[in-house]
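First to last, the protein sequences are chains S and C. Quick note on the working numbering: the first sequence kicks off at -17 and runs consecutively. Quick note on the working numbering: the second sequence kicks off at -17 and runs consecutively.
There are 2 protein chains.
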Amino acid sequence: MAVLVVGSIAFDALETPYGRVDRTLGGAATYFALAASFFTPVKLVGVVGDDFRERDRAILLGRRIDLRGLVRAPGKTFFWAGRYTDHLNERITLRTELNVFADFNPKLPPAYCACPYVFLANIQPTLQLAVLQQMRRRPRLVALDTMNYWIERTPEELRRTLREIDVLVINDSEARQLAGEHNLLRAATQIFRMGPRTLVVKRGEYGALLMRPDSMFAVPAFPLEQVCDPTGAGDSFAGGFIGYLASVNRINEATLRRAMVYGSVLGSFVVERFGLERLRTLTRTEIHARARQFLRLTRFRL
Amino acid sequence: MAVLVVGSIAFDALETPYGRVDRTLGGAATYFALAASFFTPVKLVGVVGDDFRERDRAILLGRRIDLRGLVRAPGKTFFWAGRYTDHLNERITLRTELNVFADFNPKLPPAYCACPYVFLANIQPTLQLAVLQQMRRRPRLVALDTMNYWIERTPEELRRTLREIDVLVINDSEARQLAGEHNLLRAATQIFRMGPRTLVVKRGEYGALLMRPDSMFAVPAFPLEQVCDPTGAGDSFAGGFIGYLASVNRINEATLRRAMVYGSVLGSFVVERFGLERLRTLTRTEIHARARQFLRLTRFRL
């Protein structure tokens, strides 16, 4: 089954202790689309400016990514410059130029409106809701990412949107902030009441938790010798997670757990190189091999 | 098989956001001994002062804990006062009074000298080595804990002691500090060269890693609705870990992984109440039930 993703497409300038790039294709929807396309066809909705060239488009072509929803607007593409501190634990935003993204008002091409799996990447909650309202029928699964900015600035709009979704993909500090509760179990209980019955809590180098009202699953992050650039790890995780679920088109405890592992696999690969570099060369054979490594990393018997 | 533990016995004053206790029995050896005694007989070596009463000793009695190595010296028992900040992430030492512990010079009773499993809790590295030198034969397994204080103040002595041990039980920031390397995989490679071929890296609320030159195992922390007091979690983890290994008297990948789970189980229980309170009421039935919960928390199939 196909996955619809709506979100940012950007050019990023990145500095980490391991090097820098001045301008590389990025954005939540881009990372998500590439990651998910290893599992299932993706329909992308986003906006780019005049500076988005053929060679940028080429990164998305030749994969199962439908680009009919990729709109070109006059002006420049969203630009983000950031720096990671010594151990990549902290991210400092150096510049944010919204450019054409400031007026992003996602319109679904007709061919997108029956997509059974939807990922609403981190954008203004009202826009996320507006995407859902364009669907011809209720999708099988709607997942959403958000961030501290919207939790603080547009809490009412976010609450309204959360009522309509199935899966909230969020990092641990945001989950705590959204629930106003430090303890993750109690925070999850609060969030279940807001709408989503499945919570994916990302914990960076510590892995991720799948939380549902009657079950919980923990997956570690894959220990790597070298983390080069954490940009896009969360969106690639979401791409592996939703992409896998859409590919099997079955949502139960077993497939959700496997989806968590494939999300972790994609997240672990993307950070090995700058920007999208690692996703561009990644193969399905490598993905399945690392999934088996996750099994070896976590398996025990009593 | 029996486990020998050498380390501190203390009275603690604890403050957390959930309450306070002015004086409660604690110390690394105490937590370790109680935790390990659920699995196997324990031989304890430590020193207490005149203020160690019968009711304190009663906490250790009636369990499989051999107290012939518990020495009473004139003066007061080691006293530690600490406070945990809001989310229990940070521990502030308010007072440390070494008292009789300042002259601690562990002497093994003859009956202890052939103990096949040894845990050297966090004390001066030269004293840890002196314990090993009193053993009649090389124990089957020697595990050691240490801390930033010894890594910084007595690096040579620590290096000398590390050459003689099998398992280093340490938290992630200490592993990084000891190796002078932030990346945990590379830090582990450095530490293997110092002596221990098995590294247990404790990561608090994020769980623990078992690292060996040719394998790795990750176990999450058990998500709890309420963490009351983190004191003793690491030593209780070590008690569950070594206690389990000694009980099966077989050291291989499968038993080490299971030991990590039992370590996590004991660590997860102890933080539910202040001080030793939870360990005092804990049952083996509860331990095994929680181990099965760890299985449900982590299990997936590809």
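Backbone N, C-alpha and C fix where the C-beta goes; we use that ideal spot for every residue, glycine too.
Item, Value
"Where does F223(S) fall in DSSP's three states?", "helix"
"Counting contacts by CB-CB distance shorter than 8 Å, is E72(S) in contact with chain C?", "no"
"Which residue wins for smallest C-alpha separation from R255(S), given the options A15(S), D211(S), L102(S)?", "D211(S)"
"Consider the Cβ of F14(S): report whether some Cβ of chain C lies at a distance smaller than 8 Å.", "no"
"In chain order, what residues of the same chain have a beta carbon less than 6 Å from the beta carbon of D4(S), not counting five sequence neighbours either side?", "A(-5)"
"Under a CB-based cut-off of 8 Å, is E207(C) close to chain S?", "yes"
"According to DSSP, is D217(C) helix, strand or coil?", "helix"
"For V100(C), which of helix, strand or coil comes out of DSSP?", "strand"
"Closer than 9 Å by beta-carbon distance: list the chain C residues that pair up with Y188(S), in chain order.", "R185, E187, Y188, G189, P202"
"Cα-Cα, which of F174(S), R37(S), L191(S), M176(S) is closest to L182(S)?", "Reading off the sequence shown, one finds Val at residue 182(S), where the question assumed Leu. With distances taken between Cα atoms, V182(S) lies closest to L191(S)."
"Helix, strand or coil: which one does DSSP assign to G60(C)?", "For clarity, residue 60(C) is Phe in the given sequence; the question names Gly instead. The answer is strand: DSSP assigns F60(C) an E or B state."
"My guess is that S(-10)(S) and A10(S) are in contact by the Cβ rule of under 8 Å, so how many angstroms apart are they, rounded?", "5 Å"
"Excluding five sequence neighbours on each side, which residues of the same chain lie with their C-beta closer than 7 Å to the C-beta of R50(C)?", "P91, A93"
"Scan the segment 247 to 276 of chain S for residues whose Cβ lies nearer than 7 Å to a Cβ of chain C and list them as they occur along the chain.", "A273, R274"
"In whole angstroms, what is the alpha-carbon distance linking L149(S) and N104(S)?", "What sits at residue 149(S) in the sequence shown is Val, not Leu. Those two C-alpha atoms are separated by around 13 Å."
"Please compile the residues from chain C whose C-beta is within a distance smaller than 8 Å of the C-beta of P236(S).", "Here residue 236(S) turns out to be Ala, not Pro, going by the sequence shown. Residues of chain C passing the Cβ test: F282, R283."
"Which first and last residues belong to the beta strand (DSSP E) in which S(-10)(S) is found?", "Counting along the chain, S(-10)(S) falls outside any beta strand (DSSP E), and DSSP gives it neither H nor E."
"Determine the contact status of L258(S) and Y13(S), defining contact as a CB-CB distance below 8 Å.", "yes"
"Would you say F294(C) reaches chain S, if we count a Cβ-Cβ gap shorter than 8 Å as a contact?", "Here chain C has residues from -17 to 284 only, and residue 294(C) is not among them."
"Just checking my contact of G189(S) with A215(S) at CB under 8 Å: how many whole Å lie between their CB atoms?", "12 Å between Cβ atoms; not a contact."
"Please classify L48(C): does DSSP put it in a helix, a strand, or coil?", "Looking at the sequence itself, residue 48(C) is Asp, so the reference to Leu does not match. Strand."
"How many Å lie between A203(S) and S246(S) at the Cα?", "6 Å"
"Which chain A residues sit within Cβ distance under 9 Å of F199(S)?", "Among the protein chains in the structure shown, which are S and C, there is no chain A."
"Going by C-alpha to C-alpha distance, which of H164(C), F(-7)(C), R141(C), E146(C) sits closest to L80(C)?", "F(-7)(C)"
"Taking 6 Å as the limit between beta carbons, can you name the residues of its chain near F251(S), skipping five residues before and five after?", "R260, L264"
"Comparing alpha-carbon positions, which option in R73(C), T59(C), F34(C) lies nearest R65(C)?", "R73(C)"
"Tell me the DSSP bridge mates of E79(C)?", "F61(C)"
"According to DSSP, simplified to helix, strand and coil, what is F256(C)?", "coil"
"Within the 8 Å Cβ cut-off, does L49(S) reach chain C?", "no"
"Starting from R37(C), find everything on chain S with Cβ-Cβ shorter than 9 Å and list it in chain order.", "Within 9 Å Cβ-Cβ: nothing; R37(C) doesn't reach chain S, min ~33 Å."
"Please look up how many angstroms separate the CB atoms of R262(S) and I41(S), rounded, as I've assumed it's under 8 Å.", "7 Å"
"Measure from the C-beta of L166(S) to each C-beta in chain C and report whether the shortest distance is under 8 Å.", "yes"
"Counting only Cβ pairs nearer than 9 Å, list the residues of chain S close to V(-13)(C).", "Going along chain S, no residue has its Cβ under 9 Å from V(-13)(C), so there is no contact; the nearest lies around 25 Å."
"Under the DSSP definition of a beta bridge, which residues are partnered with F20(S)?", "DSSP output for F20(S) lists no bridge partner at all."
"Evaluate T67(C) with the Cβ neighbour count: other Cβ atoms within 10 Å of its Cβ, from every protein chain shown; 16 or more gives buried, anything less gives exposed.", "exposed"
"Please return the same chain residues whose Cβ sits closer than 6 Å to the Cβ of S218(C), not counting the five positions on each side in sequence.", "Y13, A17, L248, G249, V252"
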